[in-house]
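Participant:
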Amino acid sequence: MMDAPNTKRPRRHDDVTSSIQNPNSLPNFDLIISSLLSSPSLSSSPHSFDQALDRALASASDSVTDQDRLVDRTVELASLLLDSTKRCFRKRASLHNSNSWAFPRELTIKMFSMLDKKSLMQAMACCTMFHKCARDPLCYSHIELINKNVDDGVVRTMIHRAGNKLRFLELGQVASPARSSMPLLTGSCLYPLFDNHSFIGNGLRRVHLYNLISTYGAGLDKILNCSNITDLKIVGLSPSDEIFKSLTTKSCRRVEHLFLEAGGFQYGSIIETGLIDLVTTIPNLTSLTVIGFGVDDNKAHTIIEGSHKLKYMNLSRTSLIKGRFLRDLGHGIKDRPLETIILRDCTSLKEKEVLQFLNSLLAGNLKFIRHIDVSNIRGLVCDGGKRSETPNFPLEKLKEERPNVKLVAEFTSSLSSSERLLRGISYVSSDEEDALIVTGHQFSCVTFHLLL
């Protein structure tokens, strides 16, 4: 006759497991914690603690397997104790901050919204009160992640946290992708702007994107559907007409500052009607920067003629502009409010056209002009197809008669190839551009730089 199987006696570590999962089931649990807290500092005698733990394991079981399990449970218990201690610390810190923090919640959120995102994350980790304030959508209304080591997921999370409070969005690596050591963001990080018809992007006012991978496609469509953008800057585009067509067919009608730059040191082929159509659909355009695209003199003339509020125009790095539109500007469309013209590294720009433009200034035309830049790493084209790095401009007379005009002409033939490449990526920094766009800014003298 077979004996009935004996019921195994519960092992000690099974009791410990149950106790860890439900500490309140332990008898005198509060007393155990109090004893640990009131004991002498264990850090001063770690060997004594090691010996005590060895004795406890040995008395619990003779089985090596059981002792290994108990060691694992001890680690788990230590982890739970550490987590509880951290939570207790945060509660105490939150209570302390609530009692001593002098600012109301609304003002705290306003202050947090001015922090960079790294500082905001640090504030969030301080205590529960700061954590709640730092998660408020207003703290993410300005997302500035230029040259930051973040991925698409981080950007999407921040956009979701901002919700319809999102106003400014600046993303990407200013350096070209070839020189950047950090991962590049992609256009997919912009998807939450119009996910599930949430229309997060409707409140956006300013968008600056630098060298995002796959900027075209769905990611760009998300941006272009944000109908309240007034400042749009995209660097690292393909020098084609498609971007202008996309802008024309989308909702960006309130743009005042538009900055588009082709990626790398490229000179785009001639663009067709896209740019012209775009300008005519943006009635409040005051600043236009189109770098590395195929804009010719006819297009430049049409842009100025059709943009009644345009004050700043940057058409750098195009091989098609010869400067004829400058002559037309001085004779045919004198009443435009244009203040700044940037034509850096326009390889076909002619010396005689610039000279005629300066003579027009001396004749009293174009009273709004304050700044013109004709710098060129190869010099200006002169008669016979040769290039000149010492053009004969009437500088002294211009200085006397138009002291509020600044002329910049840097001819840097001595630059190394790497320096020339760097020069081709960004011609006017955002700060410089903002300074030039300021209405009524007066320049005290004519400056003429010849770097030989």
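Following the UniProt record's numbering, the numbering of the sequence shown begins with 1 at its first residue and continues without gaps. Where is the CB? At the ideal position from N, CA and C, for every residue including glycine. Since the structure is predicted, the reported quantities are computational estimates derived from the model, not experimental observations.
(1) Distance check for residue 107 and residue 95, CA to CA, integer angstroms please.
(2) Can you list, in chain order, the residues of its chain whose CB lies under 7 Å from that of residue 420, leaving out five sequence neighbours each side?
(3) Within 10 Å of its beta-carbon, does residue 208 have 16 or more other beta-carbons around it, so buried, or fewer, so exposed?
(4) Strictly by DSSP, which residues pair up with residue 209?
(5) I need the straight-line Cα distance from residue 393 to residue 139, nearest angstrom please.
(6) Spatial neighbours of residue 170 within its chain, please: CB distance less than 6 Å, with the 5 preceding and 5 following residues excluded, ordered by chain position.
(7) Label residue 364 either buried or exposed according to how many other C-beta atoms from any shown protein chain fall within 10 Å of its C-beta, with 16 as the threshold for buried.
(8) Report the option in 224, 304 and 369 whose CA atom is closest to the CA atom of residue 340.
(9) Can you find the residues in the same chain that come closer than 6 Å, C-beta to C-beta, to residue 360, ignoring five residues on each side of it along the sequence?
(10) Could you give the first and the last residue of the continuous beta strand (DSSP E) run that contains residue 314?
(11) What distance in whole Å lies between the Cβ atoms of residue 299 and residue 337, which are believed to be in contact at a cut-off of 8 Å?
(12) DSSP on residue 414, reduced to helix/strand/coil?
(13) Mapping DSSP to helix, strand and coil, what is residue 151?
(14) According to DSSP, is residue 308 part of a helix, a strand, or is it coil?
(15) Relative to the alpha-carbon of residue 294, which residue among 244, 68, 66 and 256 has its alpha-carbon at the smallest distance?
(16) Please name the residue, chosen from 262, 87 and 120, that lies closest to residue 137 on a Cα-to-Cα basis.
(17) Apart from the five residues just before and just after residue 226, which ones in its own chain have a Cβ nearer than 6 Å to its Cβ?
(18) For residue 304, collect the residues of the same chain with a Cβ closer than 8 Å to its Cβ; drop the 5 residues on either side in sequence, then sort them by chain order.
(19) Can you tell me whether residue 453 is buried or exposed? The criterion is at least 16 other CB atoms within 10 Å of its CB, across all chains shown.
(20) For residue 366, collect the residues of the same chain with a Cβ closer than 7 Å to its Cβ; drop the 5 residues on either side in sequence, then sort them by chain order.
(21) Looking only at its chain, what residues have a beta carbon closer than 7 Å to the beta carbon of residue 247, apart from the 5 residues adjacent to it on each side?
(22) Taking the alpha carbon of residue 97 as the point to measure from, which residue in 263, 386, 126 and 194 has its own alpha carbon closest?
(23) With residue 411 and residue 379 assumed to form a contact (beta carbons below 8 Å), what rounded beta-carbon distance in angstroms separates them?
(24) Under a Cβ-count criterion, where at least 16 other Cβ atoms within 10 Å of its own Cβ denotes burial, should residue 114 be classed as buried or exposed?
(25) Determine, using beta carbons only, whether residue 237 and residue 255 come nearer to each other than 7 Å.
(26) What residue from 109, 80, 56 and 235 has the CA that sits closest to residue 175's CA?
(27) According to DSSP, is residue 223 helix, strand or coil?
(28) Exposed or buried, residue 32, counting other C-beta atoms within 10 Å across all chains shown (16 or more means buried)?
(29) Report yes if the C-beta distance between residue 354 and residue 323 is below 7 Å; otherwise report no.
(30) Any idea if residue 477 is buried or exposed, counting beta-carbon neighbours within 10 angstroms, 16 or more meaning buried?
(31) Is residue 71 helix, strand or coil by DSSP?
(32) Check the C-beta distance from residue 316 over to residue 276 and give it rounded, since I have them as a contact under 8 Å.
(33) Helix, strand or coil for residue 387? Go by DSSP, reduced to three states.
(34) With respect to the alpha helix (DSSP H) encompassing residue 109, which residues constitute its N-terminal and C-terminal limits?
(35) Considering Cα atoms alone, identify which of 160, 285 and 50 is closest to residue 194.
Facilitator: According to the structure shown:
(1) 18 Å
(2) Note that residue 420 has pLDDT 49, beneath the 50 cutoff, so the model's placement of it is unreliable and the number below is only indicative. Once the five neighbours on either side are set aside, the close Cβ partners of residue 420 are 377.
(3) buried
(4) Note: residue 209 sits in a beta bridge opposite 171 and 234.
(5) 53 Å
(6) 144, 146 and 208
(7) exposed
(8) 369
(9) 330
(10) Element bounds for residue 314: 312 to 314.
(11) Incorrect: roughly 20 Å between the Cβ atoms, too far for contact.
(12) Caution applies to residue 414, whose pLDDT of 47 falls short of 50 and renders its modelled position unreliable; the value that the coordinates give is listed next. Three-state result, residue 414: coil.
(13) coil
(14) coil
(15) Relative to residue 294, the option among 244, 68, 66 and 256 whose CA is nearest is 244.
(16) 120
(17) 201 and 204
(18) 310, 313, 325, 329, 333, 336 and 338
(19) Missing from the structure shown is residue 453; the chain here goes from 1 to 452 and no further.
(20) These residues qualify, in order along the chain: 329, 330, 334 and 360.
(21) 224 and 278
(22) Measuring from the Cα of residue 97, the nearest candidate turns out to be 126.
(23) 5 Å
(24) exposed
(25) no
(26) 235
(27) helix
(28) exposed
(29) With contacts defined by Cβ atoms closer than 7 Å, residue 354 and residue 323 form a contacting pair.
(30) The structure shown has nothing for residue 477, since the chain only spans 1 to 452.
(31) Residue state, collapsed to three classes: helix.
(32) In fact, because the Cβ distance is near 19 Å, the residues do not count as touching under 8 Å.
(33) strand
(34) 105 to 113
(35) 160
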